[in-house]
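Chemist: For the sequence shown, the working numbering gives the first residue as 25, with consecutive numbering after it.
Take a look at this one; I'll ask things after.
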Amino acid sequence: FGRSFYSYRPGEPLSDYIVHFDYEEGTGHEDDFLIVSAAYRLRKSACFQQSSKMTCTTCHDPHESLPPSERAAHYRQVCLGCHEVESHFQSADCTECHMPARRTKDVVRVVMTDHFIQRSKPDRDLLAPLKEEADESTDREAGSTVYFPSAGELSGSLRDVYRTIGHGKETPNAQAASKLESELREAAVDKPEPYFELAEMQHKLGRHADAEKNYLRAIEIDPQNIQAYNNLGNLFADLERLDDAIDLYKKTIELDGGYSADSYNNLGLAYIGMQRQQEAEQVFRDAAKANPFFADARLNLGTLLFQRKEYAAAAREFQEALAIDPGVLKARNNLAFAMLALGRTAEAIPYLQEVVRDGDESLREAAEKALELIHSSVR
25 FGRSFYSYRP
35 GEPLSDYIVH
45 FDYEEGTGHE
55 DDFLIVSAAY
65 RLRKSACFQQ
75 SSKMTCTTCH
85 DPHESLPPSE
95 RAAHYRQVCL
105 GCHEVESHFQ
115 SADCTECHMP
125 ARRTKDVVRV
135 VMTDHFIQRS
145 KPDRDLLAPL
155 KEEADESTDR
165 EAGSTVYFPS
175 AGELSGSLRD
185 VYRTIGHGKE
195 TPNAQAASKL
205 ESELREAAVD
215 KPEPYFELAE
225 MQHKLGRHAD
235 AEKNYLRAIE
245 IDPQNIQAYN
255 NLGNLFADLE
265 RLDDAIDLYK
275 KTIELDGGYS
285 ADSYNNLGLA
295 YIGMQRQQEA
305 EQVFRDAAKA
315 NPFFADARLN
325 LGTLLFQRKE
335 YAAAAREFQE
345 ALAIDPGVLK
355 ARNNLAFAML
365 ALGRTAEAIP
375 YLQEVVRDGD
385 ESLREAAEKA
395 LELIHSSVR
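See the structure below:
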């Protein structure tokens, strides 16, 4: 708590900066191999645990990448710095058996080096295709624990708070929210983050009054907490307390700190809800200016212009949104209807077909009807 993403400085203890979670032993995840796991897998290795000097830089120069033709010999020499040649004295590549390449569980089309240094290579096909699973199918909560810092570096009550927040962030649930409330009453936590996270859980669970109270508690502890102002504004917007939401979005913009594009966009949506289109147009433009790669701002501005029948200007905004993020199906849908309004039917058809193929039911139905009308008119 109390640390931003980029606040770490070389030489600081990592335990002052970050908390990592892991599955508890015995939950069936001991051999999970993920795409970002090199340091974690290395720490499981006897070579690391029994050496007082092994680090990433024992093998790797962070400033220079070895040519592929030199890697095996280089890593072999590193291994021989500690180990004597025994069974495989003729092998030129220690890593082939002891740190084999294998397919990652979470990005199944990728093969990477496993940094868990093992005595012998696992007796199975490590490159065999894996079934791709939706992220939602993984129960991240089950059996999780604080992996780092160690128990001696983080008090028991604070470890419980972190662990419960970890549960609730992945899968907001009433049990985690109630548990965190109880833990915060018992632990003397004077940081805003746990109250903010509790408010986030409660907001998602529909406990709006409790969420408001804890957003305000986070702001009370840190009056500069931009995210708490913004997300309390989101709560008020959900409750149609638009005047209150607007005040909070304006406060967030005043404080700035990297959230201004989101807050401008949220402010624009609140203005739309109050039929204040001129003000909405300006703040959507401000959002796009604050973050030129913010597709939602372009989409919302285009939608507003479309509703005012400024179809050419709307089409340009939808095209900008798609240039930033080609996957925004609503921008494809809206661009198609802007093209139809401009009489550019041939250009609209491919976008409508994409929406029919990939869109959700609310978008797909209108696109299907538009295509039917187009086809019936040319018969």
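Virtual Cβ for every residue (Gly too), placed ideally from N, Cα, C.
Closest to E217 by CA distance: which of L259, E244, A360 is it?
Modeler: The residue with the shortest Cα to Cα distance from E217 is E244.
Chemist: Between Y335, I348, Q343, D349, which has its C-alpha nearest A365's C-alpha?
Modeler: Comparing Cα positions, the closest option is Y335.
Chemist: Give me the residue from L154, D349, R148 with the minimum Cα distance to A319.
Modeler: Comparing Cα-Cα distances from A319 to each of L154, D349, R148, the minimum goes to D349.
Chemist: Can you give the Cα-Cα distance for R33 and G367, rounded to whole angstroms?
Modeler: Going from the Cα of R33 to the Cα of G367 covers about 58 Å.
Chemist: Could you tell me if G180 is buried or exposed, where buried requires 16 or more neighbouring beta carbons within 10 angstroms of its beta carbon?
Modeler: Exposed, since its Cβ has fewer than 16 Cβ neighbours within 10 Å.
Chemist: List the endpoints of the continuous beta strand (DSSP E) containing R45.
Modeler: Looking at the sequence provided, one finds Phe at residue 45 rather than Arg. Note, F45: beta strand (DSSP E), 44 to 47.
Chemist: If contacts are defined as beta-carbon pairs under 8 Å, then Y288 and A311 qualify, I think. What distance do you get, rounded to the angstrom?
Modeler: Contact flag correct, Cβ pair sits at about 4 Å.
Chemist: With a threshold of 8 Å on Cβ separation, who are the neighbours of L279 within its own chain once the five nearest residues in sequence on each side are excluded?
Modeler: Contacts found: Q248, I250, Y253.
Chemist: For the region 50 to 60 against the region 123 to 141, are there 3 or more C-beta pairs whose distance is under 8 Å?
Modeler: Segments in contact, yes.
Chemist: Below 8 Å on the Cβ atoms is my guess for F45 versus G190; work out the distance and round it to an integer in Å.
Modeler: Confirmed, Cβ separation roughly 5 Å.
Chemist: Say whether the region 94 to 104 touches the region 184 to 204, bearing in mind that this needs 3 or more beta-carbon pairs closer than 8 Å, one atom from each stretch.
Modeler: Touching, no.
Chemist: Rounded to whole angstroms, how far is the Cβ of A338 from the Cβ of L329, which I believe are closer than 8 Å?
Modeler: Their Cβ separation, rounded to whole angstroms, is 4 Å, which keeps A338 and L329 in contact under 8 Å.
Chemist: With C-beta atoms as the reference, is Y239 less than 7 Å away from A223?
Modeler: For Y239 and A223, yes; Cβs fall inside 7 Å.
Chemist: Going straight from the alpha carbon of Q302 to that of N290, what length do you get?
Modeler: Answer to the nearest angstrom: the Cα atoms are 15 Å apart.
Chemist: What does the Cβ neighbour count give for T79, buried or exposed, with the cut at 16 atoms within 10 Å?
Modeler: It counts as exposed.
Chemist: In angstroms with no decimal places, state the Cα-to-Cα distance between L104 and D149.
Modeler: Approximately 27 Å, taken between the alpha carbons.
Chemist: Identify whether V170 lies in helix, strand or coil by the three-state DSSP scheme.
Modeler: The answer is strand: DSSP assigns V170 an E or B state.
Chemist: For the alpha helix (DSSP H) that contains V135, what are its first and last residues?
Modeler: Run containing V135: none in the alpha helix (DSSP H); it sits in the beta strand (DSSP E), 135 to 137.
Chemist: Does the distance from the CB of A355 to the CB of L323 come in under 7 Å?
Modeler: It is a contact, given that the beta carbons lie within the stated cut-off.
Chemist: So the alpha helix (DSSP H) R127 belongs to, where does it begin and stop?
Modeler: Here R127 belongs to no alpha helix (DSSP H); instead the beta strand (DSSP E) covers 125 to 127.
Chemist: Nearest by alpha-carbon distance to L256: which of E264, D246, A269 is it?
Modeler: Residue A269 is the option with its Cα nearest to L256.
Chemist: Measure the Cβ-Cβ separation of E207 and V185 and say whether it is below 7 Å.
Modeler: Their beta carbons are under 7 Å apart, which means E207 touches V185 by this criterion.
Chemist: Answer with buried or exposed for P173, where buried requires no fewer than 16 other C-beta atoms within 10 angstroms of its C-beta.
Modeler: P173 is buried by the Cβ-count criterion.
Chemist: State yes or no: is the C-beta of H122 within less than 7 Å of the C-beta of R65?
Modeler: Result no, Cβ atoms of H122 and R65 do not sit closer than 7 Å.
Chemist: Between which two residues does the alpha helix (DSSP H) carrying T82 extend?
Modeler: Premise fails: T82 is in no alpha helix (DSSP H) and is neither H nor E.
Chemist: Any beta carbon from chain C within less than 7 Å of F318's own beta carbon?
Modeler: As a matter of chain content, chain C is missing from the structure shown, which is built from one protein chain.
Chemist: How many whole angstroms separate the CB atoms of L259 and E236, which I take to be in contact at a CB cut-off of 8 Å?
Modeler: The pair is a contact, with the Cβ atoms about 6 Å apart (cut-off 8 Å).
Chemist: Return yes when the Cβ of N358 is within less than 7 Å of the Cβ of L387, no when it is not.
Modeler: In this structure, N358 does not lie closer than 7 Å to L387 by Cβ.
Chemist: Within its chain, find whatever has a CB closer than 6 Å to the CB of M363; leave out the 5 residues flanking it on each side and keep chain order.
Modeler: Around M363: E371, A372.
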